[in-house]
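Chains as they are written, first to last, in my numbering: chain A, 367 to 790; chain B, 40 to 384; chain C, 95 to 419.
Now the structure itself:
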């Protein structure tokens, strides 16, 4: 039984792929799961793997050719199997839709060939609270019929509820505990009371009016900007002390900044939010996007649960992600799902700039270069030189008011200027 | 213990009563003409399913049922059109049942194999070979239980005698002395298997010995012979509450059912032709002709009348509505209890 | 109120109904002189005589048919099978005669008959004598199938069955005959087709019937000690089935275990689960779990027999499973 090789949807938004390189030659034996070609998606270069055992009998497109998702691009079969009909059928691309990749029909079949996902990532497949059994896509929220009914009655979005049943199934008790929890907005430091990954906040009338009026005033995302300058003296001292302790403790100022931002975000879920049009989704987990410049353009890999990671972990992950971004080796799940992003152009000597919000996020922090500034002493009798840095936060006014943004920056200032708090 | 050899059924008991003979002839001719139209209707698709014709055996039904009282009971097999007509279910009701119409004697729910009429004590044609013999026995039990003097005639083909149900039922009837006449219409073939190839003994009325039951054998093509043998059996049941096993030797002129060949692998055309020389209707006509009880004109007239009755039955059935769809869920259960009140459900 | 055995409850029902209606008679193997293989008919021959309490030869197919024939012409037979295992021989009369005559005759012949006897496994009777026939019989339109689990239900339901103008298959239990329960002194009946809530609880429903209702009550009592409260729905009649009672309970508890004595495939439980998914879909917090006999002929050896039968432990495990415990 021959196995068809299709152009698969290797990123959530991919509609077409360019076959960069055949890894296997015609006549090579292949095993199911083994990479047979590299395919450039709209975001990265991904491996196309064999879906069956046998011999790669036919390569139907050449290196550099682009084909829509679902096109037959090769045939795997036993060495002596007649594949003429299959090869002939490749001439009729309209028919060569891979059965497993029909997105509308079979979301469950996603593991075989990830279905294009047009919606923003409402659930993080890799972050499912209870690992879903293999063969089941993380994008399916399992829930009991009763849980669905109760959630609907209470206006809860099941996507926010952590399932405690088999396979992560959301059951009655999960809904009860989710709806019993107090609103996350009042929660103390990084303690999402609901236990959910995020909470949806219904829009109040005033919020709706603000959103509508400001959108009319300035484009679809009514953005305003808050700029602050932070003293990096202690951060610099801390970094120096860590460098002294040895290479393994070496972190960058940027790593410290990221840790601080993540920590501040956990205390300000209003900023760590998504604007969903009819509601605001406040995330209780912090997934920090970091803009990385690559030769092909900007990409924003994500440090998941950055607020819960130690600085060393953030540092290591940031380096690794940046490296692979530049190599175009990021997997789709590595660059989707951020709840807040930062962009640092300090290394390019930019003192201060404004960044464009990455929707549905509601804010982004632009970080400039650290500069030495001459500062007078408190009594004005002496001067000293301080390292300082300017950050500008772009805020979506539909979700974030000026005072809210300012409060976030206040927290951030406290953390950056007193970096020991980051280990508290 | 009564035990009659076939020739012991006195042919001399032939009726001299011309009126009675005319009734017997009418009954048999009605069955014949009616079933000829059944064959036609089956070929036209107006009758569906299984359809087993009785042609050739009419002397058995007419001879037997002509002796019954109105409060007696009859229970029979799926080859039941002849007995239904002989008992007095109207040709219209039987034909409507065959056509699957609401005016059928089971309102279109039984069909060819399942004719019923409670008001006539006609307890149905039954489709599982042998299974109705215990039922007939139970009717006999009920008669005895109530202390009545009714009789139950339980008709069956000769192949029934090899079933367990037959054995179990006749044993109890013999044991308990129930007023049942077990009438074996030995038409020689159970579907396509001859009696000789199915039963270890060939004079099957002898099986009655196993149940300590009076038994007899008679000529089933001679309506007078049937009546004579049956009269004894009925009297025995009615007055002595004693069952009888009566083997009536007859012959099926048609195939087992409409979908079977009349002759072929299991019986020869020659055998069929030979047996058809003893057509029970022809034998009665000949007798009446000899006795000058019936002119050719009278016969002609009777035949025409009967054909008209059959045409009327056909037309009536054709015009009768199909059962309403709500009938689908009716008659599965009754909603009454022994008090005649709505049931507890 | 008196506390009597299930056996005596049946005996009382038979006697009361035979006194009440002289069309009622009892027929079967060993019902008369021997006083009943399980002594259910004790004393009846002496009281009612041999025409109304009739010993038969060992001939299930035959006497079941005799009963149907008698019912066709107005009597109200009670046919006792020494066990339902033997009634398989008479299945043709139950299925092809009793259940169909009303329909085939276009409503002319109803069959007021009761087929009764012990059903299911007793102890170490091995494969041919330990079978449960609820689902076999319940499959048939045109009959009712009653499975009382307590003396009260046995008495009240047998009286209803005898008075019913339809064929009723009445499934007793050899292991039930000696069980005791409270029964009112005054006359009463229990309607066919109505379930009984044998225990009330809000955590999980156990839907069951007949002998298994006793087991379900034990399960409920044991789990109550763990503060788990079970709604025990004793169907009592499996055809027609009290769907409302199932729905009410499952809508309340959101979880169900279906417990039956017979085999799994096409068992009564399969039908109950179908009703639940149809009627209670939006109430379910967990897939329904079934407890039933192992899918094997009943073995003789004690340990194997125990392993094959549904029991308290298996049922508790099922409850905990649907409760995600």
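Even glycine gets a Cβ: it sits at the ideal position worked out from N, Cα and C.
Predicted, not measured: the structure shown is a model, and the values here were computed from it.
Assigned secondary structure, residue i (DSSP; H/G/I helix, E/B strand, else coil)
i: residue 425(A); result: strand
i: residue 725(A); result: coil
i: residue 135(C); result: coil
i: residue 119(C); result: strand
i: residue 92(C); result: There is no way to answer for residue 92(C), as the model of chain C reaches only from 95 to 419.
i: residue 385(A); result: strand
i: residue 474(A); result: Low local confidence applies: a pLDDT of 39 at residue 474(A) is under 50, so the model's placement there is unreliable, with the coordinate-based value given in what follows. Helix, per DSSP.
i: residue 195(C); result: helix
i: residue 671(A); result: coil
i: residue 374(A); result: coil
i: residue 709(A); result: strand
i: residue 599(A); result: helix
i: residue 591(A); result: strand
i: residue 432(A); result: strand
i: residue 377(C); result: helix
Test: residue i CB closer than 8 Å to a CB of chain A
i: residue 418(C); result: yes
i: residue 322(C); result: no
i: residue 348(C); result: yes
i: residue 401(C); result: no
Any C-beta of chain C under 8 Å from that of residue i
i: residue 537(A); result: yes
i: residue 512(A); result: yes
i: residue 508(A); result: no
i: residue 157(B); result: yes
i: residue 103(B); result: no
i: residue 533(A); result: no
i: residue 124(B); result: no
i: residue 107(B); result: no
i: residue 81(B); result: no
i: residue 375(B); result: yes
i: residue 99(B); result: no
i: residue 148(B); result: yes
i: residue 211(B); result: yes
i: residue 378(B); result: yes
i: residue 348(B); result: no
i: residue 220(B); result: no
Cutoff 8 Å: residue i Cβ touching any chain B Cβ
i: residue 227(C); result: no
i: residue 108(C); result: no
i: residue 103(C); result: no
i: residue 135(C); result: no
i: residue 187(C); result: yes
i: residue 128(C); result: no
i: residue 150(C); result: yes
Among the options, the one whose alpha carbon lies nearest that of residue i
i: residue 638(A); options: 765(A), 382(A), 758(A), 423(A); result: 765(A)
i: residue 393(C); options: 181(C), 312(C), 223(C), 97(C); result: 223(C)
i: residue 172(B); options: 60(B), 65(B), 200(B); result: 200(B)
i: residue 386(C); options: 360(C), 140(C), 263(C); result: 360(C)
i: residue 181(B); options: 218(B), 205(B), 281(B); result: 218(B)
Interface residues of chain F facing residue i [CB-CB closer than 8 Å]
i: residue 515(A); result: Absence of chain F from the displayed structure is noted, the protein chains being A, B and C.
Paired residues, beta bridge with residue i - DSSP
i: residue 225(B); result: 288(B)
i: residue 128(C); result: None, per the DSSP bridge assignment.
i: residue 172(C); result: 120(C), 208(C)
For the segment 374-392 of chain C, which residues have a beta carbon sitting closer than 8 Å to at least one beta carbon of chain A?
375, 376, 377, 378, 379, 380
Under 9 Å, CB to CB, which of the residues in the segment 266-281 of chain B have a partner in chain C?
Answer in chain order: no residues at all.
Contact residues within the segment 165-183 of chain B, judged by C-beta distance below 7 Å to chain C
167, 170, 173, 174, 175, 176, 177, 178, 180, 181
Mind checking the segment 203-220 of chain C against chain B and listing, in chain order, the residues whose C-beta falls within less than 9 Å of any C-beta there?
203, 204, 206
Return the residues of the segment 357-368 of chain B that lie within a Cβ-Cβ distance of less than 9 Å from chain C, sorted by chain order.
For the segment 357-368 of chain B, which is checked against every Cβ of chain C, the residues closer than 9 Å are 362, 366.
Between the segment 298-326 of chain C and chain B, which residues of the former have a C-beta closer than 8 Å to a C-beta of the latter?
none
Beta carbons nearer than 9 Å to chain C: which residues of the segment 239-263 of chain B have them?
none
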